[in-house]
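Visitor: Handing you a structure now.
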Amino acid sequence: MPVPVLLGLVLVGIAVAVISGYALGSARQPGPVALIPGEPDAVTIARYGPNTSESLGASRIPERVMTVTDAKEVAKLASDANSLPAFPKGGFSCPNSDGSYYQVRFAFATGDRRTLFVERNGCEGVGFDEQPDHSVAWSMTDHRFLDDLDALFG
Amino acid sequence: MEYTYIVDGLRTVYRVPPASMNLAKATDAELASYGLPTRPTDSDGLAEWTAEMSKRRPVTPPATLVEIPGDRAATSSIWSGYIATSGSSTAYNFAEAVYRQPAANSTSCSNNSEVTWAGLGGWFTGNLAQDGTAMNWPGYGQYQSWYEILPNYAVAEPVFGHPGYSFTAQLNVLGSGSGFNFNLYDSYSGYGINFQVYASGWDGRTADFIAERPQSSGQQRSLTNYVWVQFFDAWVNGTGSGHGVGSYSNANISMYNGSHLLAYNASLTNSGQSFNNYFNQCS
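Same order as they appear, the protein sequences are chains A and B. The first sequence begins at 209 in my numbering and counts up one residue at a time. The second sequence begins at 9 in my numbering and counts up one residue at a time.
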């Protein structure tokens, strides 16, 4: 086979590989986001109920608050939070959200804290408490973290 | 005689024994076929049963079973509109919204969007298939149509709504739940598109007719000022055999974000198939 033809075939092959790799890559689920750095030693969880017409304008009060200090349980919560996939790029019209959520505060021996905002339904977004309207991860395709929280509250 | 009704999407069968039948002397097979209490074997029970069966006069159900569907008020932080509801996951397999495409007006909220759509599911579970049009939604043209089957993102389609003109967004489940058929049509341009998507995740517990504030890459959008959207037809289960959303158990959903009422509905009209939905506040 003449060298220019061979070279052409190689270039076409590379182009096909790049395009199909890109297409496959963009169809893939986004990888996990490291939400909780290091090893926390306690987690305080507050569960907030749905928005209702009666609660308009009122400051929201948690339905229930609990603190987990068991090292194994704390580690599982951190690990499952860190396994959550990134919230995908693009537009999402979500399942119904009643506005209920968990506020999950991980406390570290250093005194540092990191607080997550975890939607209990809708697109099941997970973000940082300072910016609750912006999710960086979601539970929709990996329910382990949300299941952990639901199980703790029975 | 057998009478079959569909009640709240569920097949309901009444089997009524003939008036001439002496129930106290019916065979065990006849009792079973009419769902009547079986004949007891102990003497006390048998005496009581015989007394009841001798006296019992079977009632025939009316030719038309009149169901008074509930119009339950419900709240959501992102949806407003009406949904037909059922306890059965296969109750609804068709939803069609014909609405006047609303226009985007200015608001005090940045990052605002609105999507108007018809869908199946998404109220009781996260399974939701839907199609409609969008306004001010990053990545989509103004009034561009789209479809979505969660957990996949909304896919833009090359048909655009035109404010003031009717737009049709329809979807139905393909046979045996193997996917969905989508139909989008703009009455102004005459452009329409029809396609099938093969995917699992059909939740037939609800048929939805909704105005929503959607998400964009993880950001919850505030609500565009769409003023109002007029749903001419909120049609459930099929153009031939179906009914308006008001013919079924349904929920009237208002959108609250925790601080304010963002959107709400007027009552159903036109035999339960039409309603107006109103913007109230962007956040």
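Beta carbons: idealized from backbone N, C-alpha and C, even for Gly.
At 7 Å on the CB atoms, spell out the chain A contacts of valine 253 of chain B, in chain order.
Guide: Residue 253 of chain B sits at position 245 when you count from the first residue of the second sequence. Result: empty, since nearest Cβ-Cβ is about 16 Å, beyond 7 Å.
Visitor: Assuming leucine 285 of chain A and tryptophan 346 of chain A form a contact by the criterion Cβ under 8 Å, report the distance between their Cβ atoms to the nearest whole angstrom.
Guide: As a position in the first sequence, residue 285 of chain A is number 77, starting the count at 1. As a position in the first sequence, residue 346 of chain A is number 138, starting the count at 1. In fact, because the Cβ distance is near 17 Å, the residues do not count as touching under 8 Å.
Visitor: Where do the ends of the beta strand (DSSP E) carrying glycine 335 of chain A lie?
Guide: As a working mapping, residue 335 of chain A is identified with position 127 in the first sequence. Its beta strand (DSSP E) spans residues 333-336.
Visitor: Counting only Cβ pairs nearer than 8 Å, list the residues of chain A close to glutamate 220 of chain B.
Guide: Position 212 of the second sequence holds residue 220 of chain B. Correct list: Ser301, Cys302.
Visitor: Do you know how far the Cα of arginine 268 of chain A is from the Cα of histidine 351 of chain A?
Guide: Residue numbering aside, residue 351 of chain A sits at position 143 when the first sequence is read from its first letter. Residue numbering aside, residue 268 of chain A sits at position 60 when the first sequence is read from its first letter. If I take the Cα positions, the gap works out to 25 Å.
Visitor: Under the DSSP definition of a beta bridge, which residues are partnered with tryptophan 243 of chain B?
Guide: Here residue 243 of chain B is taken as the residue at index 235 of the second sequence, counted from 1. Paired residue(s): B:Glu104, B:Gly252.
Visitor: Counting only C-beta atoms, is phenylalanine 295 of chain A closer than 8 Å to chain B at any point?
Guide: The residue labelled residue 295 of chain A in the question sits at position 87 within the first sequence. Yes, contact with chain B.
Visitor: With DSSP run on the structure shown, which of helix, strand or coil describes threonine 277 of chain A?
Guide: The count along the first sequence starts at 1 and reaches residue 277 of chain A at position 69. Looking at threonine 277 of chain A - three-state DSSP - the assignment turns out to be coil, as it is neither helix nor strand.
Visitor: Quick one: list the residues of chain B neighbouring serine 287 of chain A, beta-carbon separation under 7 Å, in chain order.
Guide: Here residue 287 of chain A refers to the residue found at position 79 when the first sequence is read from its first residue. Neighbours of serine 287 of chain A on chain B: none; closest Cβ ~22 Å, over 7 Å.
Visitor: If you run the structure through DSSP and keep just helix, strand and coil, what is valine 282 of chain A?
Guide: Position 74 of the first sequence, counting from 1, holds the residue named residue 282 of chain A. Valine 282 of chain A: helix per DSSP, three-state reduction.
Visitor: Any beta carbon of chain B sitting closer than 8 Å to that of glycine 291 of chain A?
Guide: Walking along the first sequence from the start, residue 291 of chain A turns up at place 83. The sequence shown places serine at residue 291 of chain A, not glycine. Taking Cβ atoms only, chain B never reaches closer than 8 Å to serine 291 of chain A, which makes this a no.
Visitor: Are the Cβ atoms of asparagine 144 of chain B and asparagine 113 of chain B separated by less than 8 Å?
Guide: If you number the second sequence from 1, residue 144 of chain B lands on position 136. If you number the second sequence from 1, residue 113 of chain B lands on position 105. The answer is no: Cβ separation not under 8 Å.
Visitor: Let me know the beta strand (DSSP E) ranges lying completely inside the stretch 298-341 of chain A, each 3 residues or longer, listed in chain order.
Guide: The stretch 298-341 of chain A contains these whole beta strand (DSSP E) runs: 309-315, 321-327, 333-336.
Visitor: Under 8 Å between C-beta atoms, does valine 344 of chain A make it to chain B?
Guide: One-based indexing of the first sequence puts residue 344 of chain A at position 136. Cβ-Cβ to chain B under 8 Å: yes for valine 344 of chain A.
Visitor: Sorted by chain position, which residues of the same chain lie with C-beta nearer than 6 Å to serine 279 of chain B's C-beta, five sequence neighbours on each side aside?
Guide: Working through the second sequence from its first residue, we reach residue 279 of chain B at position 271. Closer than 6 Å at Cβ, skipping near neighbours: Gly252.
Visitor: Can you grab the Cα-Cα spacing for the pair leucine 232 of chain A / threonine 124 of chain B, in whole Å?
Guide: To locate residue 232 of chain A, count along the first sequence from 1; it is residue 24. To locate residue 124 of chain B, count along the second sequence from 1; it is residue 116. Low per-residue confidence applies at leucine 232 of chain A: pLDDT is 37, beneath 50, and the placement is therefore not dependable, though the value from the model is reported in the following sentence. About 31 Å.
Visitor: Spell out whether any CB of chain C is found under 8 Å from the CB atom of aspartate 356 of chain A.
Guide: No chain C appears in this structure, whose protein chains are A and B.
Visitor: Would you mind stating whether glutamine 178 of chain B and threonine 141 of chain B have Cβ atoms separated by less than 8 Å?
Guide: Taking the first residue of the second sequence as position 1, residue 178 of chain B is located at position 170. Taking the first residue of the second sequence as position 1, residue 141 of chain B is located at position 133. It is not a contact, given that the beta carbons lie outside the stated cut-off.
Visitor: Closer than 7 Å between beta carbons: that is the criterion. Which residues of the stretch 83-100 of chain B meet it against chain A?
Guide: Going along the stretch 83-100 of chain B in chain order, one finds Thr83, Ser84, Ser85, Ile86, Trp87 with a Cβ nearer than 7 Å to chain A.
Visitor: With DSSP as the reference, please indicate the residues paired to leucine 136 of chain B in a beta bridge.
Guide: By 1-based counting over the second sequence, the position of residue 136 of chain B is 128. The partner list for leucine 136 of chain B (beta bridge, DSSP) reads B:Gly129.
Visitor: Report the option in A:Ala359, A:Val282, A:Asp320, A:Tyr309 whose CA atom is closest to the CA atom of arginine 255 of chain A.
Guide: By one-based count along the first sequence, residue 255 of chain A stands at place 47. Per the Cα distances, A:Tyr309.
Visitor: Considering only residues of the same chain and omitting the five flanking positions on each side of phenylalanine 132 of chain B, which have a CB-CB separation below 6 Å?
Guide: Here residue 132 of chain B corresponds to residue number 124 of the second sequence, with the count starting at 1. So the list reads Arg213, once near-sequence residues are dropped.
Visitor: Is DSSP giving threonine 141 of chain B helix, strand or coil here?
Guide: Position 133 of the second sequence, counted from the first residue, corresponds to residue 141 of chain B. DSSP places threonine 141 of chain B in strand when its eight states are reduced to three.
Visitor: Where leucine 324 of chain A and valine 312 of chain A are concerned, what is the direct C-alpha to C-alpha distance, given to the nearest angstrom?
Guide: Walking along the first sequence from the start, residue 324 of chain A turns up at place 116. Walking along the first sequence from the start, residue 312 of chain A turns up at place 104. The straight-line gap from Cα to Cα measures roughly 5 Å.
Visitor: Using a Cβ-Cβ cut-off of less than 8 Å, list which residues of the stretch 141-171 of chain B approach chain A; keep chain order.
Guide: Under the 8 Å Cβ criterion, the stretch 141-171 of chain B contributes Ala142, Trp145, Pro146, Gly147, Tyr148, Trp154, Glu156, Leu158, Pro159, Tyr161, Ala162.
Visitor: Please list the residues of the stretch 299-332 of chain A that have a C-beta atom closer than 8 Å to any C-beta atom in chain B, keeping them in chain order.
Guide: Residues passing the 8 Å Cβ filter: Gly299, Phe300, Ser301, Cys302, Pro303, Asn304, Ser305, Asp306, Gly307, Asn329, Gly330, Cys331, Glu332.
Visitor: Can you grab the Cα-Cα spacing for the pair alanine 27 of chain B / valine 67 of chain B, in whole Å?
Guide: Within the second sequence, residue 27 of chain B is the residue found at index 19, counting from 1. Within the second sequence, residue 67 of chain B is the residue found at index 59, counting from 1. Whole-angstrom Cα-Cα distance: 9 Å.
Visitor: Looking only at its own chain, which residues have a Cβ that is under 7 Å from the Cβ of alanine 374 of chain A, when we skip the five neighbours before and after it?
Guide: The structure shown does not extend to residue 374 of chain A, since chain A is modelled only from 209 to 362, so the question has no answer here.
Visitor: Starting from the C-beta of glycine 246 of chain A, find all residues in its chain whose C-beta is less than 7 Å away, skip the five residues before and the five after it, and write them out in chain order.
Guide: Sequence index remark: in the first sequence, residue 246 of chain A carries index 38 (1-based). Taken in chain order, the residues that qualify are Phe316.
Visitor: So which residues of chain B does methionine 158 of chain A contact, with C-beta pairs closer than 7 Å?
Guide: The requested residue 158 of chain A does not occur in the structure, where chain A is confined to residues 209 to 362.
Visitor: Would you say tryptophan 295 of chain B lies against chain A (beta-carbon separation less than 8 Å)?
Guide: Limits of chain B in this structure are 9 at one end and 291 at the other, which puts residue 295 of chain B out of reach.
Visitor: Looking at glutamate 122 of chain B and threonine 46 of chain B, is the spacing between their C-beta atoms short of 8 Å?
Guide: Counted from its first residue, the second sequence places residue 46 of chain B at position 38. Counted from its first residue, the second sequence places residue 122 of chain B at position 114. Not closer than 8 Å, so no.
Visitor: Hey, does arginine 268 of chain A have any beta-carbon neighbour from chain B nearer than 8 Å?
Guide: As a position in the first sequence, residue 268 of chain A is number 60, starting the count at 1. Interface residue, yes.
Visitor: Could you check if glutamate 271 of chain A belongs to the surroundings of the ligand NAP, using beta carbon to heavy atom distance under 7 Å?
Guide: Among the components of this structure there are no ligands whatsoever, and the ligand NAP is therefore not found.
Visitor: Within its chain, find whatever has a CB closer than 6 Å to the CB of aspartate 355 of chain A; leave out the 5 residues flanking it on each side and keep chain order.
Guide: As a working mapping, residue 355 of chain A is identified with position 147 in the first sequence. If we look at aspartate 355 of chain A and ignore the five residues flanking it on each side, it has no Cβ neighbours.
Visitor: Hey, how far is the Cα of glutamate 60 of chain B from the Cα of alanine 37 of chain B?
Guide: Position 52 of the second sequence, counted from the first residue, corresponds to residue 60 of chain B. Position 29 of the second sequence, counted from the first residue, corresponds to residue 37 of chain B. About 18 Å.
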